[in-house]
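Notes follow once the structure below has been shown.
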Amino acid sequence: MSDKKSARESIGEDARIDALEKRLAAAREREDQRNKPVVQGAGDGENLGNRVLSYLLGGILGGALVGWTIDQLAGTAPWGLLVMLFLGIVVGFRSIIRITSKRP
6 MSDKKSARES IGEDARIDAL EKRLAAARER EDQRNKPVVQ GAGDGENLGN RVLSYLLGGI
66 LGGALVGWTI DQLAGTAPWG LLVMLFLGIV VGFRSIIRIT SKRP
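Everything in the sequence shown is counted per the numbering used here, starting at 6 for the first residue and increasing by one.
And the structure:
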C-alpha cells in the first residue's frame, strides 16, 4: 500500500496526553494555591479584647497591691486596700471607656 500518511490522521496520542497532564498539573497547582490556608495574626477585635483585659486586671491588681502596701506601712488595714482597690477599678474602667470610644 501507500506510505503516505493521511491528512486526517490525528496528532499522536502521547502528545495529547502530555498536554492534558500539563494542563491538569497547572490546574491542581492553582487550586492548591487557592485553597491554601492563610495564616494571619490576631485580628483587631482580639487585640482590643486583650487590651481591655489587661487594663481591667492591671487596675484591680495594681490598686490592690498599692493598697495592701499602704496598709502594711501605715497600719490602716483594711482601709488602704479598699480605697486603692476602688481607685484601681475606676482607673481600669476609665481606660477601657477611653480606648473603646475612639473612632477608628
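Cβ coordinates follow ideal geometry from the N, Cα and C atoms, glycine included.
Whole angstroms are fine: how far does the CA of Asp37 sit from the CA of Arg28? 14 Å
What residue ranges within the stretch 34 to 81 form continuous alpha helix (DSSP H) runs of no fewer than 4 residues, ordered along the chain? 49 to 79
So is Ile75 in contact with chain C if we call contact Cβ pairs under 9 Å? Reference to chain C is not applicable here, since this structure consists of a single protein chain.
If contacts are defined as beta-carbon pairs under 8 Å, then Leu61 and Gly72 qualify, I think. What distance do you get, rounded to the angstrom? Between Gly72 and Leu61 the Cβ distance is about 17 Å, and since that is not below 8 Å, they are no contact.
Measure the alpha-carbon distance for Asp90 versus Ile75 and round it to whole angstroms. Asp is not the amino acid found at residue 90; the sequence shown has Leu there. Each residue's alpha carbon lies about 12 Å from the other.
Does the stretch 77 to 86 come within contact of the stretch 48 to 61, defined as at least 3 CB pairs closer than 8 Å? Too few Cβ pairs lie closer than 8 Å, so no.
Environment of Gly46 [buried if 16+ CB atoms lie within 10 Å]: exposed
Coil, strand or helix - Arg108 by DSSP: Coil.
Less than 9 Å between the beta carbons of Ile175 and Arg56, yes or no? Residue 175 is absent from the structure shown; the chain starts at 6 and stops at 109.
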